[in-house]
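Notes to accompany the following structure.
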Amino acid sequence: MSLAISAIQLTYPGLERKNVEELVDKYNAVLQQAYDEYLDKVISYEETDTRKVDLFFAAVGLPKPSPDEVKEFRAGYKAVYRTTRRTTPGTVETLLRLRKHGYRIGIITNGQIEDQADKAEAIGIRRLIDRIITSEEAGYRKPDPRIFEYAMEKLDASPETTFMIGDSIDSDIKGALDAQLPAIMYSPTAQDSQRLLFGQQIPVIHHMTQLLQYLGILSTSPRGFKSP
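Here the sequence shown stands for residues 1 to 228, where the numbers follow UniProt numbering.
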């Protein structure tokens with residue numbers, strides 16, 4: 001996303017002086033707001049693109065965009081974003097090994113079904129995922145524990161044999177704990193191996209292949225990991 005937002009900066013005068021991380025935070029916030037409005041049936045799916053751009057322009061102090069500007073913004077953003085999507089390091093290796101050991105794998109997301117399926121396909125993991133569960137489908141959004149319960153039902157899983165791995169403390173970790181699921185925090189820049197969250201010690205992994213160590217599938221360092 002950062003590269004896509006950086007490209008947008010070059011198009012709109014006034015944005016070039018703003019911090020990219022600040023712009024990314026603002027864009028993430030408006031994406032969530034537009035999606036929440038869609039789930040609440042305030043806007044239709046077809047209106048989400050316009051709403052995203054309207055909210056972003058307002059957040060960064062730009063005038064309300066015209067319909068043509070909305071199309072130009074979304075086309076420019078998507079063109080860069082789609083060429084820069086990559087998997088998190090170690091993800092493909094980890095998913096392959098998990099499947100080899102009989103694990104069923106699901107993605108729980110607050111994103112839209114079409115967008116998330118397209119993203120999974122683009123980064124090469126769709127074939128490794130048993131089910132993508134979206135808040136649009138479930139009728140609840142993270143951190144509501146009901147979306148995690150819905151996912152377990154669809155994957156024919158139980159809390160005793162399920163793990164939730166996520167990078168958001170509020171959406172992923174809190175939601176999983178509220179659904180009585182063991183949670184694992186993914187934080188590549190963290191220095192700790194455990195973190196006290198919501199009254200529980202939560203394991204922290206810094207590389208996806210560390211999940212295999214946590215589950216007892218792999219005992220060597222992630223740096224020595226080889227694809228099966």
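Idealized CB from N, CA, C, for every residue including glycine. Since this is a predicted model, take the numbers as computed values, not measurements.
| Item | Value |
| --- | --- |
| Between R82 and the rest of its own chain, which residues show a CB-CB distance below 7 Å, the 5 nearest in sequence each way excluded? | A122 |
| Check whether the stretch 200-207 and the stretch 178-190 are in contact - that is, three or more C-beta pairs closer than 8 Å. | yes |
| Runs of 4 residues minimum, wholly inside the stretch 142-204: which ones carry the alpha helix (DSSP H) assignment? | 145-154, 175-178 |
| What does the alpha-carbon distance come out to for the pair T209 and Y103? | 15 Å |
| Roughly how many whole angstroms lie between the Cα atoms of T84 and D118? | 14 Å |
| With a CB to CB cut of under 7 Å and the five nearest residues on each side skipped, what residues in its chain are close to R51? | A34, E37, I43 |
| Our contact map puts I173 next to L211 with C-beta atoms below 8 Å; I'd like the distance itself, whole angstroms only. | Contact flag wrong, Cβ pair sits at about 15 Å. |
| Check whether the Cβ of R127 sits closer than 7 Å to any heavy atom of the ligand HEM, and report yes or no. | In terms of ligand content, the structure shown is empty, and the ligand HEM therefore cannot be addressed. |
| Please state if the CB of I217 and the CB of R97 are separated by a distance shorter than 8 Å. | yes |
| Measure the CB-CB distance between Q9 and L15 and report whether it falls below 8 Å. | yes |
| Check the DSSP bridge columns for I107 and list the partner residues they point to. | I132 |
| In three-state terms, what does DSSP make of R223? | Because R223 carries a pLDDT of 36, less than 50, the predicted location of this residue cannot be relied on, and the following value inherits that uncertainty. Reduced to three states, the DSSP call for R223 is helix. |
| For A7, which of K71, A79, P159 has the nearest alpha-carbon? | A79 |
| Might you give, ordered along the chain, the residues of its own chain that have their beta carbon closer than 6 Å to the beta carbon of D167, omitting 5 neighbours on each side? | Y186 |
| Mapping the DSSP letters down to three states, classify R85 as helix, strand or coil. | coil |
| Tell me whether D25 sits in a helix, a strand or coil according to DSSP, three-state version. | helix |
| Quick one: measure Cβ to Cβ for I133 and A120, integer angstroms, because I've assumed they're closer than 8 Å. | Contact flag wrong, Cβ pair sits at about 12 Å. |
| Under the rule that 16 or more other beta-carbon atoms within 10 Å means buried, what is R141, buried or exposed? | buried |
| Please classify L211: does DSSP put it in a helix, a strand, or coil? | helix |
| Return the Cβ separation of V30 and L55 in integer angstroms, given the expectation that the two are a contact with Cβ distance under 8 Å. | 4 Å |
| Please report the Cβ distance between T87 and I147, rounded to the nearest whole angstrom; I am assuming they are in contact, meaning their Cβ atoms lie under 8 Å. | Contact doesn't hold; Cβ gap of about 23 Å is too wide. |
| Among the residues of its own chain, which have a CB less than 7 Å from the CB of Y12, if the five just before and after it don't count? | L62 |
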